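**Q** Quick one: the structure is below, questions incoming.
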DNA sequence: GCAAAAGTGTTGCCGGTACACCCATGC
DNA sequence: GCATGGGTGTACCGGCAACACTTTTGC
């Protein structure tokens, strides 16, 4: 099945890059065309780790190449080492999760056919990338209250409605406005900042930002 | 600093193997002697991943070689890829956590100078192994209530005192007997099994075992 | 009968959830 | 003045922590 020409395993990284566009959770996918194994499929952005870079460096480099962006916050997800996960040979992949704000995602200049795809309607992906995405989603949902993922998904200033919407979209449930606010205020992670945000003919919303390094 | 003869990174695994001996949390360490880099030091058991095995396979194999035991349950911890973590060349390591019962640990036939060392009095270890152990400890403490680690640390039948002792030793705090029992009973993960355990001139203790696959 | 570990319930607090109304703005 | 989203408080429930006495056994 796999070609024996590679004597040792090669190390790569794959990135699950989340953003929220139009209240939908999306990830970045790139075309995969590797005859005779994969025809017109999609997969996660990623690539080999260069000899003089760490896995994190590699992730930053590959994301920059696909989006033109410098991502600020990534988190290691897991390492995938199934023997036949890459039909071309033995490739072990260290998977990472990253998040972008809608603003960053829309201003990024996608290259090589990269596209944002709704996680609710993912196609069958190349390699074991569906498995990686599923694990990334589980991990995101489990840790959303205890990591900086939310901060990466939001602009520097945001309304309470916006931050609540991030939680609701990721967790896939609608939450109560008053309870949500009580909870985040008790966590003491937000500070009110000057200015208000108008959106249509309504009462303007207060703006908030994250207190420096409160959430781990 | 590092030798350039290796053109690509090599993949290895390292294992943090916990057990509890005499109410002390211990890990397995092996001697490391690699002049001119490491003289009479200790480090985690581990080794390269063979081309035809997964990372998990590699962990099982290396543990078997050091202890003569077949470990049942392991869990991936994290992957360490700092460029100079191994002074001999570029080695990326996938770290795993495993746990053994006291019975398994004492009956295991340690080879190559492997020893059990109290985590409270660890020496400076070779490579970045102190960092790996610290992360493994954090992870163990954070997930102790939600993983099979506790099951791996206990024999198949045990008393309530014994399981509480496992939690207390790992978390480093004494807990209330009645509250602890209320909590585990509410979790519905234990079943009473026939027989009692005597230990000195006292009232005998009931024996319990885990219900099949309740804890994830 | 005494030393030593096993076993057993109640109370207060806190975090989570359910739930409804007034406020500020543009038109 | 009305339509639209912004903002606020209370009541119930369940999990968690503090706390002391009786039971069973070997000697």
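Residue numbers (my numbering), protein chains in the order written: chain E, 1 to 216; chain B, 217 to 432.
Glycine included, every Cβ here is placed at the ideal spot set by N, Cα and C.
Bear in mind that the values here come from a model prediction, so they are computed numbers and not experimental data.
Taking only the alpha-carbon atoms, compute the straight-line gap between residue 196 of chain E and residue 206 of chain E and give it to the nearest angstrom.
**A** If you take the alpha carbons of residue 196 of chain E and residue 206 of chain E, they lie about 5 Å apart.
**Q** Listing by chain order, which chain E residues have their CB less than 7 Å from the CB of residue 474 of chain B?
**A** Residue 474 of chain B is absent from the model: chain B starts at 217 and stops at 432.
**Q** Could you tell me how far apart the beta carbons of residue 241 of chain B and residue 234 of chain B are, in whole angstroms, since I believe they sit closer than 8 Å?
**A** Their Cβ separation, rounded to whole angstroms, is 6 Å, which keeps residue 241 of chain B and residue 234 of chain B in contact under 8 Å.
**Q** Of all the CB atoms in chain B, is at least one closer than 7 Å to the CB of residue 205 of chain E?
**A** Answer no: the Cβ-Cβ gap between residue 205 of chain E and chain B never drops below 7 Å.
**Q** Are the CB atoms of residue 184 of chain E and residue 157 of chain E within a distance shorter than 7 Å?
**A** It is not a contact, given that the beta carbons lie outside the stated cut-off.
**Q** For residue 299 of chain B and chain E, any beta-carbon pair shorter than 7 Å?
**A** Chain E, which has a Cβ nearer than 7 Å to the Cβ of residue 299 of chain B, makes this yes.
**Q** Once you ignore the five residues that flank residue 291 of chain B on each side, which residues in its own chain have a CB closer than 6 Å to its CB?
**A** Excluding sequence neighbours, residue 291 of chain B sits near 313.
**Q** For chain B, is any of its Cβ atoms less than 7 Å away from the one on residue 117 of chain E?
**A** Closer than 7 Å: no.
**Q** Can you have a look at residue 3 of chain E and say buried or exposed, based on whether 16 or more other CB atoms are within 10 angstroms of its CB?
**A** Note that residue 3 of chain E scores a pLDDT of 41, beneath 50, so its modelled location is shaky and nothing firm can be said.
**Q** Please list, in chain order, all residues of the same chain as residue 324 of chain B whose beta carbon is under 8 Å from its beta carbon, the five residues on each side excluded.
**A** The answer, listed in chain order, is 283, 284, 285 and 316.
**Q** Helix, strand or coil: which one does DSSP assign to residue 379 of chain B?
**A** In this structure, residue 379 of chain B counts as helix in the three-state DSSP scheme.
**Q** If you draw a straight line from the C-alpha of residue 243 of chain B to the C-alpha of residue 349 of chain B, how long is it?
**A** The alpha-carbon atoms of residue 243 of chain B and residue 349 of chain B are separated by roughly 9 Å.
**Q** I think residue 220 of chain E touches residue 189 of chain E, with their Cβ atoms under 8 Å apart; what is that distance to the nearest whole Å?
**A** The structure shown has nothing for residue 220 of chain E, since chain E only spans 1 to 216.
**Q** For residue 40 of chain E, does the count of other Cβ atoms within 10 angstroms reach 16, so buried, or fall short, so exposed?
**A** Label assigned to residue 40 of chain E: exposed.
**Q** So residue 55 of chain E packs on residue 295 of chain B, CB below 8 Å; how close in whole Å?
**A** About 6 Å; that satisfies the 8 Å criterion.
**Q** Nearest to residue 178 of chain E by alpha carbon, out of E/172, E/161 and E/210?
**A** Of E/172, E/161 and E/210, the residue nearest in Cα terms is E/161.
**Q** CB-CB under 6 Å to residue 48 of chain E, same chain, minus the five flanking residues each way: which ones, in chain order?
**A** Closer than 6 Å at the Cβ level, and outside the excluded window around residue 48 of chain E, lie 12.
**Q** Report the three-state DSSP secondary structure of residue 354 of chain B (helix, strand or coil).
**A** Of the three classes helix, strand and coil, the one that applies to residue 354 of chain B here is helix, per DSSP.
**Q** If you count every other CB in all the chains shown that lies within 10 Å of the CB of residue 371 of chain B, and 16 or more means buried, which is it?
**A** Counting Cβ neighbours within 10 Å, residue 371 of chain B comes out exposed, since fewer than 16 surround it.
**Q** Residue 225 of chain B: beta carbon under 6 Å from a heavy atom of the ligand FAD?
**A** Of the ligands one can find in the structure shown there are none, so the ligand FAD has no counterpart to examine.
**Q** Closer than 7 Å, CB to CB, is residue 144 of chain E near chain B or not?
**A** No, because no Cβ of chain B sits closer than 7 Å to the Cβ of residue 144 of chain E.
**Q** If I'm right that residue 321 of chain B touches residue 237 of chain B with Cβ under 8 Å, what's the distance once you round it to whole angstroms?
**A** Going by Cβ atoms, the distance from residue 321 of chain B to residue 237 of chain B rounds to 6 Å, so yes, they are a contact pair.
**Q** On the three-state DSSP scale, how would you describe residue 26 of chain E?
**A** Here residue 26 of chain E sits in strand by DSSP.
**Q** Just grab the DSSP bridge partners of residue 20 of chain E for me.
**A** According to DSSP, which records beta bridges pairwise, residue 20 of chain E is partnered with E/25.
**Q** Is the distance from the Cβ of residue 248 of chain B to the Cβ of residue 259 of chain B below 7 Å?
**A** Their beta carbons are under 7 Å apart, which means residue 248 of chain B touches residue 259 of chain B by this criterion.
**Q** Using a Cβ cut-off of 8 Å, which residues of the region 336–356 of chain B contact any Cβ in chain E, in chain order?
**A** Flagged: no residues at all.
**Q** Excluding the 5 residues flanking residue 355 of chain B on each side, which residues of the same chain have their C-beta closer than 7 Å to its C-beta?
**A** Hits under 7 Å: 293 and 313.
**Q** Pick out whichever of E/86, E/71, E/131 and E/129 has its Cα sitting closest to the Cα of residue 103 of chain E.
**A** Checking every option, the nearest Cα to that of residue 103 of chain E belongs to E/71.
**Q** Does the Cβ-Cβ distance between residue 90 of chain E and residue 9 of chain E come in under 7 Å?
**A** Yes. Within cutoff.
**Q** Straight-line CA distance for residue 174 of chain E to residue 163 of chain E?
**A** Their backbone Cα atoms lie some 13 Å apart in a straight line.
**Q** Ignoring anything shorter than 3 residues or poking outside the region 72–124 of chain E, list the beta strand (DSSP E) runs there in chain order.
**A** As far as the region 72–124 of chain E is concerned, its whole beta strand (DSSP E) runs of at least 3 residues are 74–80, 91–99 and 115–118.
**Q** Quick check on residue 219 of chain B - is its C-beta less than 7 Å from some C-beta in chain E?
**A** In this prediction, residue 219 of chain B has a pLDDT of 41, which is less than 50 and means its spatial position is unreliable; what the coordinates show is noted afterwards. No, its Cβ sits nowhere closer than 7 Å to a Cβ of chain E.
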